[in-house]
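Quick note, our numbering runs 1485 ahead of the 1-based positions in the sequence shown.
Note that beta-carbon positions come from the ideal geometry of N, C-alpha and C, so glycine has one too.
Here's the structure we're looking at; comments come further down.
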Amino acid sequence: MANQLIDFTTFFMDSNVFISVGLDASVLLNCVVHINVNSKCVKMSIEFFNHLLSLLENLNFSRPEYLHTDEYKIITVLQCRGVNIVSIKCLLDDQSVNLCEENVSYLLQTKNAIQ
């Protein structure tokens, strides 16, 4: 999906997870963020991405949290094979990605570069 972006920058978290930020021709050249995990991709606006980052900054991996909007459903702290994950699902595209604790930590570390 990153190839649909014009003038984009990619940030790699690990071999399977990366984030692309750029202009999307299908959305009137608005700046968007693509979170890619194992060939699955969730696309969101910069505004929603900033909202997601503020949620992740206050995340407590010891209790579940939920955020549900018309476009996205975010379920934090699911247990998958003993690993805590954050699940982000785009309801419009029916795509979802899962981020582990290390991915969330890296995402927050690169927050200023991404914005």
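Inset, instruction - Give the DSSP-derived three-state secondary structure of N1545 in the structure shown. - result: Three-state DSSP puts N1545 in coil, outside helix and strand.
Inset, instruction - Examine the Cβ distances between the region 1572 to 1592 and the region 1541 to 1557 and report whether three or more of them are shorter than 8 Å. - result: The region 1572 to 1592, when compared against the region 1541 to 1557, does touch it at the 8 Å Cβ threshold.
Legend entry - V1571 in three-state terms, based on DSSP: Looking at V1571 - three-state DSSP - the assignment turns out to be strand.
Inset, instruction - List the whole-angstrom C-beta distance separating M1519 from I1531, where the pair is believed to meet the contact cut-off of C-beta under 8 Å. - result: Residue identity check: residue 1519 is His in the sequence provided, not Met. Taking the Cβ atoms as the reference, H1519 lies roughly 12 Å from I1531, outside the contact range of under 8 Å.
Legend entry - Where N1597 falls: helix, strand or coil (DSSP): Helix.
Inset, instruction - Would you list the residues sitting across from H1519 in a DSSP beta bridge? - result: Answer by DSSP bridge pairing, in chain order: S1505 and K1528.
Legend entry - For E1587, three-class secondary structure by DSSP: Three-state DSSP puts E1587 in a helix.
Inset, instruction - Could you pull out every residue in the same chain whose Cβ sits closer than 7 Å to the Cβ of E1556, ignoring the five residues on either side in sequence? - result: If we look at E1556 and ignore the five residues flanking it on each side, its Cβ neighbours are C1575, L1576 and L1577.
Inset, instruction - Tell me, to the nearest whole angstrom, how far the beta carbon of V1437 is from that of Q1580; I am working on the premise that it is less than 8 Å. - result: Nothing about residue 1437 can be reported from this structure: the residues present for the chain run from 1486 to 1600 only.
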